[in-house]
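**Student:** Take 405 as the starting number for the sequence shown in the working numbering and just add one per residue.
Glycine included, each C-beta is placed from N, C-alpha and C at the ideal position.
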Amino acid sequence: MKREWEIRPADPQAVSRLSRELSLPEMLARLLVARGLSDLEQARAFLLPRLADLADPSAMKGMDAAVERLLQAGRQGERITIWGDYDVDGVTSVSLLLLFLRRLGFTVDYYIPSRLEEGYGLNSDAVQQVIRQGTQLLVTVDCGIS
Numbered sequence: 405m406k407r408e409w410e411i412r413p414a415d416p417q418a419v420s421r422l423s424r425e426l427s428l429p430e431m432l433a434r435l436l437v438a439r440g441l442s443d444l445e446q447a448r449a450f451l452l453p454r455l456a457d458l459a460d461p462s463a464m465k466g467m468d469a470a471v472e473r474l475l476q477a478g479r480q481g482e483r484i485t486i487w488g489d490y491d492v493d494g495v496t497s498v499s500l501l502l503l504f505l506r507r508l509g510f511t512v513d514y515y516i517p518s519r520l521e522e523g524y525g526l527n528s529d530a531v532q533q534v535i536r537q538g539t540q541l542l543v544t545v546d547c548g549i550s
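1) Between which residues of its own chain and Ala433 is the CB-CB distance below 7 Å, once the five residues before and five after are set aside?
2) Using a threshold of 7 Å, state whether the C-beta atoms of Asp546 and Gly494 are closer than that.
3) Classify Ser550 as helix, strand or coil using the three-state DSSP reduction.
4) Can you list, in chain order, the residues of its chain with a C-beta nearer than 7 Å to that of Ser550? Leave out the 5 residues immediately preceding and following it.
5) Taking a contact to mean a Cβ-Cβ separation below 7 Å, would you say Tyr514 touches Ile535 in this structure?
6) Within a Cβ cutoff of 8 Å, which residues of the same chain sit near Glu425, ignoring the five residues on either side of it in sequence?
7) So is Pro517 buried or exposed if we call it buried at 16+ other beta carbons inside 10 Å?
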């Protein structure tokens with residue numbers, strides 16, 4: 405079965421302006437405008453994000469306490485397990501945090517549940533399993549409202 409993409413209508417003048425001013429292919433400019441990014445600065449910020457433009461992570465409730473607990477675990481050599489889902493954002497999240505914490509010298513492992521046997525998110529049997537294996541701190545990434 406052949407499928408075709410349906411692209412939302414976009415203001416042709418805005419598409420032309422973005423394409424010209426940002427040196428973008430017309431199709432990319434059309435997609436940006438269709439998604440509501442017709443302003444040059446909005447489009448530029450979307451395509452070329454800057455670290456300084458990210459929200460302050462410490463504004464998230466409990467973030468400072470979580471960071472302090474993670475640092476404490478690292479300093480004390482506790483075994484940390486990172487738990488993430490098996491989809492692309494879960495595996496990516498686990499990989500990034502795992503590599504970062506290992507570079508800091510932390511004792512860290514990971515757990516990604518079986519899609520067929522365990523499904524998404526935390527499950528108590530697997531949590532008990534990682535505890536039996538010596539996990540002292542369980543960090544979840546991409547598990548719903550982790």
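**Tutor:** So, from the listed chains and residues:
1) Sequence index remark: in the sequence shown, residue 433 carries index 29 (1-based). The residues are Val419, Leu422, Ser423.
2) The residue given as residue 546 occupies position 142 in the sequence shown. The residue given as residue 494 occupies position 90 in the sequence shown. Yes, these two residues count as a Cβ contact at 7 Å.
3) Along the sequence shown, read from residue 1 onward, the residue named residue 550 stands at position 146. Only weak support is given to the placement of Ser550: the predicted model assigns it a pLDDT of 48, under 50, and the question is left unresolved by the model.
4) Taking the first residue of the sequence shown as 1, we reach residue 550 at position 146. Low confidence applies to Ser550: its pLDDT is 48, below 50, so where it sits in the model is not reliable enough to give any reading.
5) Residue mapping note: residue 514 aligns to position 110 of the sequence shown, counting from 1. Residue mapping note: residue 535 aligns to position 131 of the sequence shown, counting from 1. It is not a contact, given that the beta carbons lie outside the stated cut-off.
6) Taking the first residue of the sequence shown as 1, we reach residue 425 at position 21. Once the five neighbours on either side are set aside, the close Cβ partners of Glu425 are Leu444.
7) Taking the first residue of the sequence shown as 1, we reach residue 517 at position 113. It counts as buried.
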